[in-house]
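Peer 1:
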Amino acid sequence: MNSMYKSFFVGGLLSLSSLSVSAAEPATFALDASILLSNETLDAEGGYLSASVNMKNVGDVDANIKYWISVKGPQGLSFPAKAVVNTNSSTFEVDEVEEGSSLAFNRGIWVYDYMNNGIYTVSLEGVNVDTGDTFQYTAEFTKGVDLDGTKTVGDIKVNADLISSNNFPSEGGYATVSFAIDNVGQSPVDVEFWVTAKAPNGFDIPVYSRVSRVIQPEESEFVVRGFWLESIYPDGKYIVKPQLYNKQSGERIGYELEIYKGEPQ
1 MNSMYKSFFV GGLLSLSSLS VSAAEPATFA LDASILLSNE TLDAEGGYLS ASVNMKNVGD
61 VDANIKYWIS VKGPQGLSFP AKAVVNTNSS TFEVDEVEEG SSLAFNRGIW VYDYMNNGIY
121 TVSLEGVNVD TGDTFQYTAE FTKGVDLDGT KTVGDIKVNA DLISSNNFPS EGGYATVSFA
181 IDNVGQSPVD VEFWVTAKAP NGFDIPVYSR VSRVIQPEES EFVVRGFWLE SIYPDGKYIV
241 KPQLYNKQSG ERIGYELEIY KGEPQ
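In full-length UniProt numbering, the protein residues as written are 1 to 265.
#1: Can you list, in chain order, the residues of its chain whose CB lies under 6 angstroms from that of S78, leaving out five sequence neighbours each side?
#2: Suppose you measure from the CA of A197 to the CA of D190; what does that come to, to the nearest Å?
#3: Taking the alpha carbon of V129 as the reference point, which residue from Q75, G173, N106, D62 has its own alpha carbon closest?
#4: Compute the beta-carbon to beta-carbon distance between F193 and F179, rounded to the nearest angstrom, for a pair I have assumed lies under 8 angstroms.
#5: Indicate the three-state DSSP secondary structure (helix, strand or coil) for Q248 in the structure shown.
#6: Going by alpha carbons, who is nearest to N166 out of D60, W228, I65?
#7: In angstroms, rounded to a whole number, what distance separates the CA positions of R225 and I259?
#8: Measure the alpha-carbon distance for A81 versus P74 and round it to whole angstroms.
#9: Mapping DSSP to helix, strand and coil, what is Q186?
#10: G108 and Y48 look like a contact to me (Cβ under 8 angstroms); what is the Cβ gap, rounded to whole Å?
#11: Hey, how far is the Cα of Y208 from the Cα of A139?
#12: Quick one, which of K237, S123, E219, G149 has its alpha-carbon nearest N201's?
#13: With T142 as the anchor, note down where its beta strand (DSSP E) starts and where it stops.
#14: So if DSSP puts D204 in a beta bridge, which residue, or which two residues, is it bridged to?
#15: By Cβ distance, which residues of its chain are closer than 6 angstroms to S52, with the 5 residues on each side in sequence left out?
#16: The beta strand (DSSP E) that contains N128, what's its start and end?
#17: Is V240 buried or exposed, if buried means 16 or more other CB atoms sit within 10 Å of its CB?
#18: For G254, name the three-state secondary structure that DSSP assigns.
#19: Applying the criterion that 16 or more other CB atoms from any shown protein chain within 10 Å of the CB defines a buried residue, is L147 buried or exposed?
#20: State buried or exposed for A160, treating a residue as buried only when at least 16 other CB atoms are found within 10 Å of its CB.
#21: Just how far apart, CA to CA, sit G254 and F222?
#22: So if DSSP puts V58 in a beta bridge, which residue, or which two residues, is it bridged to?
This is the structure we're talking about:
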């Protein structure tokens with residue numbers, strides 16, 4: 001092989017290599033979605049709200065997807081939302097999403113009085129059947145509480161929260177919880193409050209003994225208490241339960257705060 005032919009052959013290989021390196025990236029599927037709730041706060045009696053869902057394929061390839069809407073609430077409550085109430089005339093179908101297509105629809109959600117007060121999460125979730133990639137978009141609303149977890153009964157506002165970590169090793173540690181009580185009314189309120197922790201084996205561990213207080217108008221009570229998660233205690237989930245009882249109205253407010261001992265959850 002003469003030198004001129006060698007030079008041409010090597011140059012051709014280099015040109016082919018550069019072409020393969022600069023090849024276009026494979027087309028990808030991308031979804032842009034949003035959830036808008038008609039109401040973000042419900043009182044303790046519950047009520048009706050609707051979730052306006054918008055989804056758009058902003059990628060450059062069609063895809064097969066499956067999606068659903070679910071609602072998750074306090075203490076493990078979970079339920080599916082209603083089926084599609086109405087839809088626009090777009091070409092966005094459940095099982096095939098064309099490039100550039102979009103879908104908008106409403107789903108109605110009833111929240112009944114017997115459901116626990118707390119923060120609820122509405123989730124649009126799904127999976128790309130072709131790739132296995134998942135997606136999730138969420139929006140929150142509250143029932144009987146504020147977004148920060150504050151619960152209101154009459155003129156009393158109560159909030160409880162973990163100050164310490166919610167994960168401890170098997171060796172244990174010291175868990176702390178705060179309990180805030182505010183009288184936002186114009187009359188004194190007579191209350192009793194306490195804190196316990198329920199262990200995985202069913203034991204009730206006293207964290208803060210029952211205390212009676214008369215809270216004057218525009219005054220508050222703030223308590224921080226803790227307890228040792230001993231190494232001999234069983235590993236698993238502990239439920240810390242701050243509770244308040246209004247002696248005048250007979251109403252009770254309670255929280256369930258989760259702590260894990262052992263393997264992180």
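Think of the CB as a built atom: it goes at the ideal place given N, C-alpha and C, for glycine as much as any other residue.
Here the structure is a predicted model, which is why all the values come from computation and not from measurement.
Peer 2: For this structure:
#1: K72
#2: 24 angstroms
#3: D62
#4: 7 angstroms
#5: coil
#6: W228
#7: 15 angstroms
#8: 16 angstroms
#9: coil
#10: 7 angstroms
#11: 35 angstroms
#12: K237
#13: 134-143
#14: K198
#15: L36, N106
#16: 118-128
#17: buried
#18: strand
#19: exposed
#20: buried
#21: 16 angstroms
#22: Partner(s): none; V58 has no beta bridge.
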